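**Student:** Pasting a structure here, questions to come.
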Amino acid sequence: MFSIANKASFEEIEAAVCNVGRLKKMVAPFPILMVGCKSDLEAERQVSKEEILQKAKEHHFQYFETSALTGQNVKEVMEFAIHDYQTNWRGHGAPQKQPRPAKK
Numbered sequence: 010m011f012s013i014a015n016k017a018s019f020e021e022i023e024a025a026v027c028n029v030g031r032l033k034k035m036v037a038p039f040p041i042l043m044v045g046c047k048s049d050l051e052a053e054r055q056v057s058k059e060e061i062l063q064k065a066k067e068h069h070f071q072y073f074e075t076s077a078l079t080g081q082n083v084k085e086v087m088e089f090a091i092h093d094y095q096t097n098w099r100g101h102g103a104p105q106k107q108p109r110p111a112k113k
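Here it is, written out as structure tokens:
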């Protein structure tokens, strides 16, 4: 999640992508969404929609713009995440640890 009115928060996505990649190897798979918040601050937008959509496409993320103030897309983000999990990820357990070799 980042603020469309804060370019620095958008630029932190690359670090988050690395962390999420490591996390997905340790736990069961889960849906990943890219959410631009504060869409009600359109006049203060610092990140273009084109730039955002390019980043979402690059990482194969579904993108939503939301506003807690107006409620725009808040419900839709939750519904998408739940549906994606139920459709694509349910039943995928966490990766199993490899057994340690027996000591001699």
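Here this note's numbering is used: the first residue of the sequence shown is 10, the next is one more, and so on.
Cβ coordinates follow ideal geometry from the N, Cα and C atoms, glycine included.
Computed from a prediction, not measured in an experiment: that's the story for all the values here.
Flag this pair as yes or no: are the beta carbons of L50 and A77 separated by less than 7 angstroms?
**Tutor:** Not a contact, by the Cβ cut-off of 7 angstroms.
**Student:** Where are the beta strand (DSSP E) runs, 3 residues long or more, that stay fully inside the segment 67-104, in chain order?
**Tutor:** 71-74
**Student:** The ligand COA heavy atoms versus the CB of A77: any closer than 6 angstroms?
**Tutor:** With respect to the ligand COA, the structure shown offers nothing to examine, as it has no ligands at all.
**Student:** Below 8 angstroms on the Cβ atoms is my guess for F73 versus V44; work out the distance and round it to an integer in Å.
**Tutor:** 5 angstroms
**Student:** V56 by DSSP, collapsed to three states: which one?
**Tutor:** coil
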